[in-house]
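Protein chains in written order, with our numbering: chain A, 1 to 111; chain B, 1 to 301.
What follows is the structure, given as structure tokens:
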């Protein structure tokens with residue numbers, strides 16, 4: 001049997017501003033996750049660092065330590081890789097006033 | 001002279017004996033051909049995100065579809081008691097809404113059919129809201145349900161697209177309703193973009209749900225948001241007559257004589273379509289979760 005792998009779209013055409021995050025997703029079966037964040041439109045304002053967050057219950061979130069700069073231009077792609085995350089994962093970013101980015105967030109999980 | 005050819009009765013008896021000796025299939029009552037048998041310890045089994053139609057720009061997608069996200073594989077982990085697990089493995093398919101009253105999410109499995117006969121859709125499922133409060137939360141999930149999306153063959157006269165829908169309306173505006181409903185109307189078909197190639201409609205709009213006569217049912221919800229029990233349902237639909245034949249949920253069998261699917265003229269690119277959808281709706285600003293332990297889709301051919 002081939003090892004399971006899956007691509008999840010967890011945010012599509014969502015405009016991130018203020019305190020933004022993907023919906024939580026469960027990935028406990030996976031040994032690794034690669035997450036891509038693509039800017040679908042030209043971002044506005046200063047683009048913040050985004051971060052991977054993990055959780056004991058899908059409701060309370062803790063920074064995992066992996067950070068990345070949000071893309072600064074349309075079609076720019078940020079990527080991050082995580083290996084130790086337990087079950088719950090999400091991506092979050094805090095935008096300064098007036099800044100925003102319309103994102104496509106895809107998660108690639110592999111057993 | 002005696003014949004060595006087994007009779008149909010013997011063949012059926014052998015089929016049932018083999019099914020009932022298989023621990024994973026024995027809990028189902030499949031028709032003679034098993035089209036798919038989905039256990040989610042072996043992956044998503046083709047249950048993907050229902051993405052809305054669009055043309056040139058994702059902004060053209062209807063808002064009902066834009067809210068959808070991918071289903072996930074879950075062990076039903078709870079903050080107070082750990083992973084609940086499924087019936088026969090650790091995993092179930094989880095369809096989660098966003099935390100907003102009226103939010104919906106849909107997972108879909110896309111096939112085509114090769115025979116116009118009865119299709120049986122059997123599911124073991126359960127539902128709960130996200131356990132953000134230490135109370136029963138029994139009215140936070142509006143509904144869970146399923147739909148088929150079907151279209152006749154390209155050579156059929158009077159071709160139709162047919163979409164039977166059934167939902168368990170658990171709660172509406174905080175009232176614990178607990179009844180099955182169906183739908184015979186969808187929203188107007190609207191062109192998406194300007195090429196005249198793509199249309200869209202929102203068949204899960206809040207309007208036009210009708211009560212299934214005799215469809216009140218109290219399911220096992222259990223006593224706190226983190227305890228779940230698996231529930232069985234089976235729906236039979238005849239692809240020849242495009243008509244519902246029967247619907248069962250646990251110990252109840254419902255009269256389907258008043259049931260009607262959504263019907264519309266055939267569309268340009270959907271011939272012999274045989275799609276199955278599973279959906280959840282929230283009735284409060286909490287995520288609603290539909291968990292599916294296993295699905296068996298079978299046909300009489």
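Glycine included, C-beta positions come from ideal geometry on N, C-alpha and C.
With fewer than 16 other beta carbons inside 10 angstroms of its own, residue 42 of chain A counts as exposed.
Looking at the backbone, the Cα of residue 106 of chain A and that of residue 162 of chain B are separated by about 32 Å. Contact check between the region 194–204 of chain B and the region 231–244 of chain B: fewer than three CB pairs, one atom from each, fall below 8 Å, which does not count as touching. The Cβ-Cβ distance between residue 113 of chain B and residue 272 of chain B falls below 7 Å.
DSSP places residue 20 of chain B in the uninterrupted alpha helix (DSSP H) bounded by 8–21. Residue 189 of chain B places its beta carbon 7 Å or farther from that of residue 177 of chain B. Taken through DSSP and simplified to helix, strand or coil, residue 137 of chain B comes out as coil.
Under the DSSP definition of a beta bridge, residue 247 of chain B partners with B/235, B/254. Looking only at B/298, B/251, B/179, B/44, the smallest Cα-Cα distance to residue 217 of chain B is reached by B/179. When DSSP reads this structure, residue 124 of chain B sits in a beta bridge with B/232, B/294. Of the other Cβ atoms in all chains shown, fewer than 16 fall within 10 Å of the Cβ of residue 268 of chain B; this residue is therefore exposed.
Contiguous alpha helix (DSSP H) elements confined to the region 11–94 of chain B occur at 63–66, taking only those with 4 or more residues. Just measuring C-alpha positions, the residue of B/142, B/221, B/266 sitting nearest residue 173 of chain B is B/142. Under DSSP, the beta-bridge partners assigned to residue 55 of chain A are A/88. In the DSSP assignment, residue 109 of chain A falls within the beta strand (DSSP E) that extends over 101–110. With respect to the 7 Å criterion, residue 288 of chain B and residue 129 of chain B are classified as neighbours on the basis of their beta carbons. With respect to the C-alpha of residue 2 of chain A, the residue from B/42, B/24, B/10, B/28 having the closest C-alpha is B/42.
The beta-carbon of residue 43 of chain B is placed less than 7 Å from the nearest beta-carbon of chain A.
The C-beta of residue 12 of chain A has 16 or more other C-beta atoms within 10 Å across all chains shown, which makes the residue buried. Distance between residue 150 of chain B and residue 94 of chain B, taken at the CA atoms: about 24 Å.
From the beta-carbon of residue 98 of chain B, the residues of chain A found nearer than 9 Å are 23. For residue 5 of chain B, no beta strand (DSSP E) segment is defined, and its DSSP state is neither H nor E. In terms of beta-carbon proximity, residue 47 of chain B stays away from the interface with chain A, with every pair separated by 7 Å or more. Judged by DSSP secondary structure, residue 15 of chain A falls within the beta strand (DSSP E) whose first and last residues are 5–16. Note on residue 192 of chain B: 16 or more other CB atoms within 10 angstroms of its CB, so buried under the neighbour-count rule. With a beta-carbon spacing of about 6 Å, residue 89 of chain B and residue 39 of chain B fall inside the 8 Å limit used to define contacts.
Runs of beta strand (DSSP E) with 3 or more residues, each lying fully within the region 176–225 of chain B, are found at 209–216, listed in chain order.
Per the Cβ contact rule, the region 50–59 of chain A is in contact with the region 77–94 of chain A (3 or more Cβ pairs under 8 Å). Per the C-alpha coordinates, the member of A/8, A/80, A/48, A/78 positioned closest to residue 20 of chain A is A/48. Interface with chain B (7 Å Cβ-Cβ cutoff): residue 61 of chain A is excluded. Going by C-alpha positions, residue 165 of chain B is about 15 Å away from residue 123 of chain B. Contact check for residue 80 of chain A and residue 35 of chain A: beta-carbon distance about 5 Å, within the 8 Å limit, so the pair qualifies. Judged by their CB atoms, residue 92 of chain B and residue 292 of chain B are nearer to each other than the 7 Å cut-off.
At a Cβ-Cβ threshold of 7 Å, residue 85 of chain B and residue 75 of chain B count as neighbours.
If you look at residue 112 of chain B, you'll find it in the beta strand (DSSP E) that goes 104–112.
Comparing C-alpha distances from residue 156 of chain B to each of B/116, B/184, B/140, B/138 shows the shortest one belongs to B/116.
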